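For our numbering, count along the sequence shown from 1 and bump the result up by 44. The C-beta atom is built at its ideal place from N, Cα and C for all residues, glycine as well. Since this is a predicted model, take the numbers as computed values, not measurements. Single-structure report; data block below.
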Amino acid sequence: MESGDSNIIFHVISVFFNMSWQIFWPLAFGLILSSFIRNLLPVDTVVKHLGKTDVKSLSFTTLLGMMSSSCSYAAASLSHTLLAKKATIANAMAFLVSSTNLIVEMFIVLVALMGWTFLWGEVIGGLILIATVGFLFSRFYPKDVEQELRQHIANAAPQQKASCGMDMSEMKHDSSDCGMDMSNMKHESSDCGMDMSNMAMSSKNDTGVMAKITKSASFFQMDLAMIGKEILIGVVVSSILIALVPQEGWRALFISNDAGLPAWLHSLLDVIIGIFVAMIAYVCSVGNLILAAALWHGGISFGGVIGFILSDVLTIPMMRVYQKYYGKRPTKWMVGLLFMAILFTGLCVDAIFNGFGWVTTDQTLRTLNQSGFGMNMTTVMNLIFIPLSICYFRLGKKANAGMGMSM
Numbered sequence: 045m046e047s048g049d050s051n052i053i054f055h056v057i058s059v060f061f062n063m064s065w066q067i068f069w070p071l072a073f074g075l076i077l078s079s080f081i082r083n084l085l086p087v088d089t090v091v092k093h094l095g096k097t098d099v100k101s102l103s104f105t106t107l108l109g110m111m112s113s114s115c116s117y118a119a120a121s122l123s124h125t126l127l128a129k130k131a132t133i134a135n136a137m138a139f140l141v142s143s144t145n146l147i148v149e150m151f152i153v154l155v156a157l158m159g160w161t162f163l164w165g166e167v168i169g170g171l172i173l174i175a176t177v178g179f180l181f182s183r184f185y186p187k188d189v190e191q192e193l194r195q196h197i198a199n200a201a202p203q204q205k206a207s208c209g210m211d212m213s214e215m216k217h218d219s220s221d222c223g224m225d226m227s228n229m230k231h232e233s234s235d236c237g238m239d240m241s242n243m244a245m246s247s248k249n250d251t252g253v254m255a256k257i258t259k260s261a262s263f264f265q266m267d268l269a270m271i272g273k274e275i276l277i278g279v280v281v282s283s284i285l286i287a288l289v290p291q292e293g294w295r296a297l298f299i300s301n302d303a304g305l306p307a308w309l310h311s312l313l314d315v316i317i318g319i320f321v322a323m324i325a326y327v328c329s330v331g332n333l334i335l336a337a338a339l340w341h342g343g344i345s346f347g348g349v350i351g352f353i354l355s356d357v358l359t360i361p362m363m364r365v366y367q368k369y370y371g372k373r374p375t376k377w378m379v380g381l382l383f384m385a386i387l388f389t390g391l392c393v394d395a396i397f398n399g400f401g402w403v404t405t406d407q408t409l410r411t412l413n414q415s416g417f418g419m420n421m422t423t424v425m426n427l428i429f430i431p432l433s434i435c436y437f438r439l440g441k442k443a444n445a446g447m448g449m450s451m
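The structure is reproduced here in structure tokens:
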């Protein structure tokens, strides 16, 4: 192998590990948080606050999203949990948007990379997007498609129950009796021929802290088993693109200001291009913002940059996650409405900031791939979450294996 090829491969590998390091702790934190919410948050509480779509529910879900993880994959898991808990699809999608675009760590990176103008553009754009998503999904998401989505979620639910190695589709009840007369048993849970006195998950300990942690860990392990492949593909593809495509290559996508197009058409095309680039290149919030800085200096409009940043929920790996969570047809409608909402938001932000003359061009360009290694916040959080997530995953895998589940 030639020296040049070796350098390219080494660079791709370096970018891959760097980006993996940057996104690990927010991803782990978000999935762990999702597992606890799924296990501990009562359905009636979600229905009470998020069971209908209005200004109050959208405000609540926005605040909830702002306090959660910034990782899109983790946000997808959390929004899936809300839907499983009977939240409306509009509220779940508003949560998805707020948890990936209105979080403190993203604001800090935005100011550092691109300046305060882009921070306010992100804040205003995020709020417009949440309102637009609430309107579009409550008015235009077909009821029969929503029923199909919820049926897909319900069909996946039996996989989270003990089957004792049996076909759950043949059973009339949620709990397995393994061929035994359940009327003679004091508990609903199955012992599958085992001595219940020796089991850690006995009815006496079901309310204990360890039992709740173990049950939550089982959801964490199932989430990773379901979407882990998509996350890995997303990181690999994004690493290759960032490592091999020079900044000039991204700039070649944009329409020059000298093209003589009407301002509205130029803005429309730039926002569409921004969304398209995000769909094929995005992997994490930090990597997304670094690339956004390069796109801005490459000539894309202000609204195009905001559209690109907001499109972290429309990437190809994310669409694959949606398809696994909700099915093909519900995902197509979801992606279509999110696309329209982001396009509208990008155009609104471009019109507002250009109309008031708030757009600046003196931002400082940073390199596309910044090192996350060293004694910083990322390192500290990873040192906490790497061993924690490994232990949590092993606990969940053991719990699922004990229930006869293969993941």
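Our contact map puts Ile386 next to Leu358 with C-beta atoms below 8 Å; I'd like the distance itself, whole angstroms only.
Going by Cβ atoms, the distance from Ile386 to Leu358 rounds to 7 Å, so yes, they are a contact pair.
According to DSSP, simplified to helix, strand and coil, what is Glu214?
The predicted position of Glu214 is uncertain, since its pLDDT is 39 and thus under 50; no value can be drawn from it.
Could you give the DSSP three-state label for Thr176: helix, strand or coil?
helix
What does the alpha-carbon distance come out to for the pair Lys372 and Gln66?
31 Å
Is it true that the CB of Asn332 sits closer than 8 Å to the CB of Asp356?
Yes; because the gap between Cβ atoms is below 8 Å, this pair is in contact.
What separation, rounded to the nearest whole angstrom, lies between the Cα atoms of Ile344 and Phe400?
19 Å
If we ignore side chains and look at the alpha-carbon of each, how far apart do Met421 and Thr176 end up?
34 Å
Between the alpha carbons of Val91 and Thr132, how many angstroms are there, rounded?
Straight across, the Cα-Cα distance linking Val91 with Thr132 is about 8 Å.
Between which two residues does the alpha helix (DSSP H) harbouring Ala443 extend?
421 to 446
Are at least three pairs of beta-carbons, each pair with one atom in the region 153 to 170 and one in the region 346 to 353, less than 8 Å apart?
Yes, they touch.
Near His93, which residues of its chain fall below 6 Å by C-beta distance, leaving aside the five closest residues on each side in sequence?
Phe104
Apply the 10 Å Cβ neighbour rule to Pro374 and answer buried if 16 or more other Cβ atoms are within range, or exposed otherwise.
It is buried - the Cβ of Pro374 has at least 16 other Cβ atoms within 10 Å.
Ordered along the chain, which non-local residues of its own chain (more than five positions away) have a Cβ less than 7 Å from that of Leu391?
Ser311, Leu312, Val315, Gly347
Is it the case that the Cβ atoms of Leu102 and Thr389 are separated by a distance below 8 Å?
no
Assuming Phe298 and Ile319 form a contact by the criterion Cβ under 8 Å, report the distance between their Cβ atoms to the nearest whole angstrom.
Contact doesn't hold; Cβ gap of about 13 Å is too wide.
Over what stretch of residues does the alpha helix (DSSP H) that includes Lys129 continue unbroken?
Per DSSP, Lys129 belongs to no alpha helix (DSSP H) and is neither H nor E.
With 16 as the cutoff for other CB atoms within 10 Å, does Pro70 come out buried or exposed?
With 16 or more Cβ atoms within 10 Å of its Cβ, Pro70 is classed as buried.
To the nearest angstrom, how far is the alpha carbon of Leu305 from that of Asn83?
54 Å
Shortest alpha-carbon distance to Met111 belongs to which of Thr144, Ala325, Tyr370, Ser79?
Its Cα nearest to that of Met111, the residue Thr144 stands out among Thr144, Ala325, Tyr370, Ser79.
According to DSSP, is Ser103 part of a helix, a strand, or is it coil?
helix
Among Val167, Ser79, Val59, which one has its Cα closest to the Cα of Thr106?
The shortest C-alpha separation from Thr106 is found at Val167.
Answer with buried or exposed for Gln195, where buried requires no fewer than 16 other C-beta atoms within 10 angstroms of its C-beta.
exposed
Is Pro361 helix, strand or coil by DSSP?
helix
Out of curiosity, what's the CA-to-CA distance linking Met270 and Ser121?
Roughly 10 Å between the two C-alpha positions.
Quick one: what does DSSP say Pro306 is sitting in, helix, strand or coil?
coil
Using a 10 Å radius around the Cβ and a threshold of 16 neighbouring Cβ atoms, would you call Lys129 buried or exposed?
Answer is buried; the Cβ neighbour count reaches 16.
Would you mind giving the Cβ-Cβ distance between Ala134 and Phe181, rounded to the nearest angstrom? I have them listed as a contact below 8 Å.
The beta-carbon distance between Ala134 and Phe181, rounded to whole angstroms, is 4 Å. This is short enough to meet the 8 Å contact definition.
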